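What follows is a short report on a single structure.
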Amino acid sequence: MPHPLTIATNATALDASRLRLVLPHWLRVFGDRFSELLVVIDDKPPEGRIAALHGAGGSLDDVRNLVAEFASVDRRVRAVDLPKGDRLDEILAAWFGHERPIRCRAGTPVAAFVAAIELAHHDTVLRADCDMLFHDSGWLEAGFESLHAQGTHVVEPHRLAADPDTAISTRVMLTRRENLRISLLPMRAHRVDPLRQLHALLNGATPWLALEQMLEVERRQGRLRYLRLPRQLGFWLHVARRADAELPVMQDVVTAMEADTLPAAQLHSFDFVADAWARSVA
Numbered sequence: 021m022p023h024p025l026t027i028a029t030n031a032t033a034l035d036a037s038r039l040r041l042v043l044p045h046w047l048r049v050f051g052d053r054f055s056e057l058l059v060v061i062d063d064k065p066p067e068g069r070i071a072a073l074h075g076a077g078g079s080l081d082d083v084r085n086l087v088a089e090f091a092s093v094d095r096r097v098r099a100v101d102l103p104k105g106d107r108l109d110e111i112l113a114a115w116f117g118h119e120r121p122i123r124c125r126a127g128t129p130v131a132a133f134v135a136a137i138e139l140a141h142h143d144t145v146l147r148a149d150c151d152m153l154f155h156d157s158g159w160l161e162a163g164f165e166s167l168h169a170q171g172t173h174v175v176e177p178h179r180l181a182a183d184p185d186t187a188i189s190t191r192v193m194l195t196r197r198e199n200l201r202i203s204l205l206p207m208r209a210h211r212v213d214p215l216r217q218l219h220a221l222l223n224g225a226t227p228w229l230a231l232e233q234m235l236e237v238e239r240r241q242g243r244l245r246y247l248r249l250p251r252q253l254g255f256w257l258h259v260a261r262r263a264d265a266e267l268p269v270m271q272d273v274v275t276a277m278e279a280d281t282l283p284a285a286q287l288h289s290f291d292f293v294a295d296a297w298a299r300s301v302a
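Residue numbers for the sequence shown follow our numbering, so the first one is 21 and each next one is one higher.
See the structure below:
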């Protein structure tokens, strides 16, 4: 029987190639252990650092058609548009009270991330960026158990490289709405420092920290319980650039991730290292 679990991601017009890579991969890796795969489509063009990293262009129609293609063969897959107006206000109020952070100062989504959690059909949600690859040797079950037995707020599988940073990442966060609502939400929508707030005000930018930085503040202040799972249960790999997701070698990367047969040079970074794969397939 599948877990009452939603896998949720968000996508912009730039993300068709990454969805084409990760959706079949997620369906294989997680198999029959989840009940829904939700794609929240954000029609607002990327901004700031995100736009600089991934460029312009893309097509929302391509994204919608691609998700519909997968939904036609697996009824667990569905797409929704990022809400606007009163419905988006309701979602943001549940998380941040009277504040309305849409994206952080660098352009990373805030509203789309929390909407992916709130719009899920199930209370337990694996929210992941649409550029994440996984190897799972038990982390999904361990995380699900921690959320339900220990009341953890956020569980993250291991990061591929040896990483001393204990800060939360929203690239992959397994969470449970009930746990968040009981003891964390609504939380403060944390801002950048006062000097950068002034700079943002003068330049018409937003003052918000990224969602993962907001959650990290809550963790450090003792209001959020966070668990990162050990390497033997699995790990994630981040395909940071849209251009990388379109490389011919990426199918080899996906296969190696699923089998845990990565080249040695890739083990030193949780971001995709193109040179490691060029050598491995030479």
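Yeah, the Cβ is synthetic: ideal placement off N, Cα and C, and Gly gets one too. Please read all numbers here as calculations on a predicted model, not as lab measurements.
* Asked: Straight-line CA distance for Ala132 to Ala33?
  -> One-based indexing of the sequence shown puts residue 132 at position 112. One-based indexing of the sequence shown puts residue 33 at position 13. Going from the Cα of Ala132 to the Cα of Ala33 covers about 14 angstroms.
* Evaluate the contact criterion for the segment 39-47 versus the segment 150-158: three or more CB pairs, one atom per stretch, below 8 angstroms. => yes
* For Pro214, which option in Leu235, Thr275 and Thr226 has the closest C-alpha, if you only look at C-alpha atoms? -> Taking the sequence shown and counting its residues from 1, the one referred to as residue 214 is at position 194. Selected option, being the one with the closest Cα: Thr226.
* Do Asp143 and Asp101 have their C-beta atoms within less than 8 angstroms of each other? -> Translated into the one-based positions of the sequence shown, residue 143 becomes position 123. Translated into the one-based positions of the sequence shown, residue 101 becomes position 81. Not in contact: Asp143 and Asp101 (Cβ atoms no closer than 8 angstroms).
* Could you please give the first and the last residue of the uninterrupted alpha helix (DSSP H) stretch that includes Ala279? => Along the sequence shown, one-based indexing puts residue 279 at 259. Taken as a continuous stretch (DSSP letters only), the alpha helix (DSSP H) holding Ala279 covers Met270 to Ala279.
* **Under 8 angstroms between C-beta atoms of Leu244 and Leu231** => Locating residue 244 in the sequence shown gives position 224, counting from the first residue. Locating residue 231 in the sequence shown gives position 211, counting from the first residue. Against a cut-off of 8 angstroms, the Cβ pair of Leu231 and Leu244 comes out as no contact.
* Asked: How many Å lie between Phe54 and Glu161 at the Cα?
  -> As a first step, residue 54 must be located in the sequence shown, where it is residue number 34. As a first step, residue 161 must be located in the sequence shown, where it is residue number 141. In a straight line, the C-alpha of Phe54 is about 11 angstroms away from that of Glu161.
* Asked: Which residues bound the alpha helix (DSSP H) around Ile122?
  -> The residue you call residue 122 lines up with position 102 of the sequence shown. Per DSSP, Ile122 is not a residue of any alpha helix (DSSP H), being assigned neither H nor E.
* What residue does the alpha helix (DSSP H) around Glu198 start on, and which one ends it? -> Translated into the one-based positions of the sequence shown, residue 198 becomes position 178. That run of the alpha helix (DSSP H) goes Arg197 to Ser203.
* Asked: Does the beta-carbon of Ile202 have 16 or more other beta-carbons within 10 angstroms, so that it is buried, or is it exposed?
  -> Indexing the sequence shown from 1 puts residue 202 at position 182. Classification for Ile202: exposed.
* Could you tell me which residues DSSP puts in a beta bridge with Leu58? => The residue labelled residue 58 in the question sits at position 38 within the sequence shown. Ala28 and Arg98.
* For the segment 86-95 and the segment 173-192, state whether three or more C-beta atom pairs, one from each stretch, are separated by less than 8 angstroms. => no
* Asked: From Leu267 to Arg261, what does the alpha carbon distance come to, in whole angstroms?
  -> The residue labelled residue 267 in the question sits at position 247 within the sequence shown. The residue labelled residue 261 in the question sits at position 241 within the sequence shown. Between Leu267 and Arg261, the C-alpha separation is close to 10 angstroms.
* To do: For Arg120, I'd like the list of residues in its chain whose CB is within less than 6 angstroms of its CB, leaving aside the five on either flank, ordered along the chain.
  => Here the question's residue 120 lines up with position 100 in the sequence shown. Excluding residues within five positions, the ones whose Cβ falls inside 6 angstroms are Leu112.
* Asked: In chain order, what residues of the same chain lie with their CB nearer than 8 angstroms to the CB of His45, ignoring the 5 residues before and after it?
  -> As a working note, residue 45 is residue 25 in the sequence shown. So the qualifying residues of the chain are Leu153, Phe154, Val274, Met277 and Glu278.
* To do: Give the secondary structure of Met207 by DSSP, where H, G and I count as helix, E and B as strand, and everything else as coil.
  => Within the sequence shown, numbered from 1, the residue matching residue 207 stands at position 187. Three-state DSSP puts Met207 in coil, outside helix and strand.
* For the beta strand (DSSP E) that contains Glu176, what are its first and last residues? -> The sequence position of residue 176 within the sequence shown is 156, counting from 1. Val174 to Glu176 is the extent of the beta strand (DSSP E) around Glu176.
* Proximity below 8 angstroms, CB of Gly163 to CB of Leu249 -> Along the sequence shown, read from residue 1 onward, the residue named residue 163 stands at position 143. Along the sequence shown, read from residue 1 onward, the residue named residue 249 stands at position 229. Yes; because the gap between Cβ atoms is below 8 angstroms, this pair is in contact.
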